Every structure is written in C-alpha cells, then in structure tokens.
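Residue numbers (our numbering): 124 to 613. Here a beta-carbon is modelled for each residue, glycine too, at the ideal position from N, C-alpha and C. Note that the coordinates shown come from a computational prediction; the quantities given were computed from them, not determined experimentally.
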Amino acid sequence: MEKRETKARREGLPELQNAEKGKVVLRFAPNPNGPLSFGHARGLVINSTYREMYDGEFILRFDDTDTKVKPPMLEAYQTIQEETEWLTGRKPDRVVIASDRIDEYHRHAEMMLDQGFGYVCRCSAEEFKEYRVAKTACPCRTQTPQDNLVFWKRMLNGKFKPGQAVVRVKTDMTLKNPALRDWPALRLQDTAAHPHPRPEIGSAHVVWPLLDFQSAVEDHLQGVTHIIRGKDLMDSTRKQTLLYEHFGWTYPETMYWGRVKVHEWGGFSTSQMRADIETGTYSGWDDPRLPTLAGLRQRGTQSEALRNFWLELGITQKDISVPLATLYAHNTKVIDDDAPRLTFVRHPASFTLVGDHPDSLSIPVHPNHENMGQRTWNLSSGTIWLESEDLEKMDLRLKEFADVGLHDRSAHIESMERSDKRPIVHWLPDRNATEAVLTGTKDNAVFHIEGQLEAHKHPAGTIVQLERVGYAKIVDKTTLMLCHEDLGES
RNA sequence: GCUCGUAUAGUGUAGUGGCCCAUCAUGAAGGACUCUCAUUCCUUCGACCCGGGUUCAAAUCCCGGUACGAGCACCA
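1) In the DSSP assignment, the beta strand (DSSP E) including Met604 goes from what residue to what residue?
2) Using the Cα positions of Asp518 and His480, report the straight-line distance between them to the nearest angstrom.
3) Over the uninterrupted beta strand (DSSP E) stretch that includes Thr562, give me the two end residues.
4) In the structure shown, what three-state DSSP assignment does Ile169 receive?
5) Does the Cβ of Thr404 have 16 or more other Cβ atoms within 10 Å, making it buried, or fewer, making it exposed?
6) Compute the Euclidean distance between the alpha carbons of Lys284 and Asp178, then round it to the nearest angstrom.
7) Please give the ranges of any beta strand (DSSP E) in the segment 305-380, keeping only runs that are unbroken, at least 3 residues long and fully inside the region.
8) Can you give me the C-alpha to C-alpha distance between Pro546 and Arg520, rounded to a whole angstrom?
9) Taking the alpha helix (DSSP H) that Glu249 falls in, what are its first and last residues?
10) Would you call the segment 426-443 and the segment 462-471 touching, i.e. three or more CB-CB distances under 8 Å?
11) For the beta strand (DSSP E) holding Thr265, just list the boundary residues, first then last.
12) Is the beta carbon of Arg184 closer than 8 Å to that of Ala232?
13) Give the straight-line distance between the Cα atoms of Thr129 and Val383, rounded to the nearest whole angstrom.
14) From the DSSP output, in three-state form, read off Asp295 for me.
15) Since Pro153 contacts Asp186 with CB under 8 Å, what's their CB separation in whole angstroms?
16) How many angstroms separate the CA atom of Val527 from the CA atom of Gly157?
17) What did DSSP end up calling His453 once you bin it into helix, strand or coil?
18) Could you tell me if Asn141 is buried or exposed, where buried requires 16 or more neighbouring beta carbons within 10 angstroms of its beta carbon?
19) The beta strand (DSSP E) spanning Leu529 covers which residue range?
20) Please go through the segment 476-522 and give each complete beta strand (DSSP E) segment of 3 or more residues, from N-terminal end onward.
21) For the alpha helix (DSSP H) containing Arg184, name the first residue and the last one.
22) So, are the CB atoms of Thr499 and Ser483 less than 8 Å apart?
23) How many whole angstroms separate the CB atoms of Arg224 and Glu341, which I take to be in contact at a CB cut-off of 8 Å?
24) Which first and last residues belong to the beta strand (DSSP E) in which Gly241 is found?
25) Please work out which residues of its chain come closer than 7 Å, Cβ to Cβ, to Ala462, disregarding the five sequence neighbours upstream and downstream, and give them in chain order.
26) Are the beta-carbon atoms of His625 and Pro195 separated by less than 8 Å?
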C-alpha cells in the first residue's frame, strides 16, 4: 500500500542530491555573444525551478572571457537579464560578470603557480598536442614555482604574444582521458586588436582565463552547490574536479542533460545567426523564424509554455529531437482561455446580404467565458466579407447569424436558425472590418496573407484566436503575427 | 584513434529487482460537446536496442555487441 506512492508517476523535477532547503546555490552561465536562444531556456528553466523548489539562490553569470572567437555583444548583457526575468518570472538573486573578476582569476592562477600545481607552458598548441598524445611531460612542466612566477609576470606585462605562453593545470600526463592531461587554464589575448566590448574592460587585460578555470574558480567563490548543465561539459567537470583537489575544495553536485534538436530548426549557432542578421537574411534577433527567445516571444510564445516544455523534457542525458508541435501544444494550453476571439477573413470576397435581418449582432468574445463580454457587429450596410476558399459550397451557415445561399455576389438569407448541416463559416460585416495582414512562417520562409480583420480594441501584444484560422499576436492596428507555424498557406 | 556518456510507443517522458502483459503527455484515428478546422471530454492505436549472464524473479544488476551523441581548442 505504501509502495504505491513510490511507484506513482513522479511529478516535476527529480530531487537534488545532497540538497538542503535554503542552502542550494545554482547558476546559469551564458556567453553574452548574442541574446538568449531556445536552448538557453533549458538552463534557465531547470536551474531557476530548482531554486524555487529548494528556496535557494540563482545566479546569472556572464561567461564573457573570449574577445576574439566569441566576442561578447554589449547589448546582450541587458537583454539577457530582461529575458531571464521574463522567462523565470523573477530577477536572478545575483548577477556575476566574469570580465569584472579577472583580478580574482589572476590571483588564483598565481596561487596555483606558487603552490606548484600549475605551470607556464611555452610550447605551441601543436607541440603540446604531441606531448598529450604521447602521454609525456613537456619541458615546461618541471620548472620551479619561482620560474613560473617570473614567466607569469612576463605574461601579465605583455612580454609574450598570444600563443607563446599559457598557464596549465598540472594533472597527470598518463590519465586515460586525453582531454584531462595538463589542461590549459589561462591564455593571452590580443585585446588591443580585439578589445572587450565593455568600455570599462576594453584592453585592460591580456591574460584571460579559459572557461574551465574561470568557471571552476567562480563556482567556488560564489558557493555554488549544484551545477546542472549539458553533458557536453562532462569532461569539464572532470577537469575542474582535478583543480578543486589541488585547491582543497569540494566540487558541487552535478547533473547533465543531453542534446536537444528541434525538427524544424537545423543547427543554429549564435555566430551564424549574427552573420545572417547582418546580411539581411533575417530581420533581427526577433525574426519569428529564429530559435531565439526574442523570436519566440515575437510570435506569441508564452514564458509559461516554454517552462512547461522544458520541465516536461526534464534532465535526461538522452539526446533527443522534438517537433515544434510539442511546444505549440503547451502554448495553446496556456493562451486559449485568455485569447479573445476575433474574425479574420482571408482573401476576402464581398457579398450583399439579401433578406430580412437585424441591424446588429452580438457575439461572445470567448465561447467558454461569458464574462469576457460581447462583440457587437453592425449589419446596416448589408455588405459582408466571405473567405474566398469557402465559396465552393453555395450553401453556408454564417457563424452566429444565418443560413445563406450564394448567388453571384449576393448572399440570400434562407433561415436565421440553423436548418441543416451546411458548413459553418466565419464572415464579417464591412462596417466592422479593416484591412489587415497576417504574417506567418513556414519552412523557414515568411508569408503574408491579406484579409479583412474585425475591428477591435485589443492593445498590441494581445494574443487572440482568429476563428477557424489560428492563434495570432496583435502587432499593430493592421498587422497580426501567427503564433504557431503551419497554415497550409504560402 | 583515444576517452566519456546514452539507449522504454511516431515524438518526448515515468519507472533503480517482484505492485509493469509498463506511467503520463503529445501524435494519429474515431466519437461527444460546441453556430470555429479552437477549447474541453471520452475511446482506440502504439514501446522496454540486440545477445549472453546473475536471480525464484530483470525495463531495472553484470558482461559483450550495435546505434547515436559528446570531449580530446591558447571557444563557451
């Protein structure tokens, strides 16, 4: 009987190992070389949800220690904080910027050299690779701490060019895993040619930590207790654990998730998107075709839907491929109850109403929620719009109104009550219609559909349901953005 | 090549030796409700990678194979 409890389907995320309520510290550390993407959302959602579960702390950390290969984008520091707040529903408890902490990393590098578990290596990358493969020590490995500190000062003073010297962590050249053998901790960057975009940093430093060192030291300094990240960083954990042993620290608990691919999106990289935006392939970071948070928001994806999506996937180490339909299903659940109904007649054709009918019509804003009020349509002109795709059938039921028969350009009212099984179509009196364009995406292309939109007072940003068409976001008076891909139109 | 990791329905996911002829969601098909091709509700379909072993008992433990992914960057 008690055992049924344990067998019941687990709800939400699994428990954290070694976690004490109120004492859990988590972090998410993106590179600010662009705004956040769909994949980043996983790190944000999982880590911030654990913060919630354990009443702990959540740190947003900018790992901006490369000025050349992945140069940070200045605006991203702000954007990412806003996006984090949007997605997680609150500000991070702490924000740490790695480039503000260079002195701290230098201090630890010096400790490492002084205590003899690190050394300044002057081999080239190619040379060292041979030593790594051969499992033999490079000549620099046996230098005394005194010598290492001298070389260190020379690194700091710009006496070496990038590539001429690097600080390595002494591990063991015979370790089974080649990735762990005397891994590099800090290197030189030509910050004169490639200054850091933050004006307060600029060209102030030439010795910069690599991710494994920076992240390891910072996690310790911030008291991080649990690290949950992609399994591509598993070797990172092993490297960092070796460093922690040297320093006499204890490594946080770790969990990993696998790769996620979205069927409809190929492999997008931040740098590739950046290039495509610059060449005009995409309109901006918020282009609805892009797998960025900005792009998803642009098309009306709710943060709650994104959270539910990632929580449902959980943190398995399996590499998976999911269709966008899964995300859309979550989004539909979130938005439907609040989405006012609106009529949008695509490719409209004008008809004249023939027959007796009232001058006005009242239709609920939402069929399931009377308290959302009524929309009132004005029929006095006797002219209506019908969707041209609906005209194949000559007998139609105008939704909420009347059965009509179509002859030429007129719609003859045959009955106000529903009298048979004729198809129900959406329609619009011209007095309540304005021209509008519905924008959507399909197969990485943008399409526009012209039509007549029902007059409304919803502010920009409102998610509405266009009856028989789909959910859409109101962009401005005459523009709508389709929330979910695939309309069968192009 | 070396190292590490993962393998449950179409797609995701629960399950850590007996409650499992396997959970939940999504998807597909059918139906109910509805004056939307929406929402809601109901029904049906459909899976433990392969081969050995341990055990009274294995999706669950062990070994081997296969497949897929990641790391071996002076990127993150």
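Let me spell this out:
1) Here the question's residue 604 lines up with position 481 in the first sequence. It spans 602-605 - the beta strand (DSSP E) in which Met604 sits, taken as one unbroken run.
2) For the purposes of this step, residue 518 is taken as residue 395 along the first sequence, with counting starting at 1. For the purposes of this step, residue 480 is taken as residue 357 along the first sequence, with counting starting at 1. Straight-line Cα distance between these residues: approximately 17 Å.
3) Numbered from its first residue, the first sequence carries residue 562 at position 439. Counting along the chain, the beta strand (DSSP E) containing Thr562 begins and ends at 556-565.
4) Here residue 169 is taken as the residue at index 46 of the first sequence, counted from 1. Three-state DSSP puts Ile169 in a helix.
5) Walking along the first sequence from the start, residue 404 turns up at place 281. With fewer than 16 Cβ atoms within 10 Å of its Cβ, Thr404 is classed as exposed.
6) Taking the first residue of the first sequence as 1, we reach residue 284 at position 161. Taking the first residue of the first sequence as 1, we reach residue 178 at position 55. Their Cα atoms are separated by approximately 47 Å.
7) 307-311, 330-332, 349-353, 376-380
8) One-based indexing of the first sequence puts residue 546 at position 423. One-based indexing of the first sequence puts residue 520 at position 397. Going by the C-alpha atoms only, they are around 6 Å apart.
9) Here residue 249 refers to the residue found at position 126 when the first sequence is read from its first residue. 248-257 is the span of the alpha helix (DSSP H), which, as asked, contains Glu249.
10) no
11) The residue given as residue 265 occupies position 142 in the first sequence. No beta strand (DSSP E) contains Thr265, which DSSP labels as neither H nor E.
12) Along the first sequence, one-based indexing puts residue 232 at 109. Along the first sequence, one-based indexing puts residue 184 at 61. Contact check for Ala232 against Arg184 fails: the beta carbons are separated by 8 Å or more.
13) Looking up residue 129 in the first sequence gives position 6. Looking up residue 383 in the first sequence gives position 260. For Thr129, the predicted structure reports a pLDDT of 45, less than 50, and the residue's modelled location is therefore unreliable. The matter cannot be settled from this model.
14) Along the first sequence, one-based indexing puts residue 295 at 172. Coil at Asp295, not helix or strand.
15) Within the first sequence, numbered from 1, the residue matching residue 153 stands at position 30. Within the first sequence, numbered from 1, the residue matching residue 186 stands at position 63. That pair is a contact at about 7 Å.
16) Residue numbering aside, residue 527 sits at position 404 when the first sequence is read from its first letter. Residue numbering aside, residue 157 sits at position 34 when the first sequence is read from its first letter. Distance between the alpha carbons of Val527 and Gly157: 55 Å.
17) Start at 1 with the first residue of the first sequence, and residue 453 comes out as number 330. Here His453 sits in helix by DSSP.
18) Numbered from its first residue, the first sequence carries residue 141 at position 18. It counts as exposed.
19) As a first step, residue 529 is located in the first sequence; it is residue number 406 there, counting from the start. Looking at the DSSP string, the run of the beta strand (DSSP E) that includes Leu529 is 525-530.
20) Those beta strand (DSSP E) runs which fall completely within the segment 476-522 and span 3+ residues are 483-487, 497-501, 506-510, 518-521.
21) Locating residue 184 in the first sequence gives position 61, counting from the first residue. Taken as a continuous stretch (DSSP letters only), Arg184 belongs to no alpha helix (DSSP H), being part of the beta strand (DSSP E) at 180-185.
22) The residue you call residue 499 lines up with position 376 of the first sequence. The residue you call residue 483 lines up with position 360 of the first sequence. The answer is yes: Cβ separation under 8 Å.
23) As a position in the first sequence, residue 224 is number 101, starting the count at 1. As a position in the first sequence, residue 341 is number 218, starting the count at 1. Right, the Cβ-Cβ distance comes to about 7 Å (below 8 Å), so this counts as a contact.
24) The sequence position of residue 241 within the first sequence is 118, counting from 1. Start and end: 241-244.
25) For the purposes of this step, residue 462 is taken as residue 339 along the first sequence, with counting starting at 1. Closer than 7 Å at the Cβ level, and outside the excluded window around Ala462, lie Ile586, Val587, Gln588, Tyr594.
26) Outside the displayed range of the chain (124 to 613) lies residue 625, so it cannot be described from this structure.
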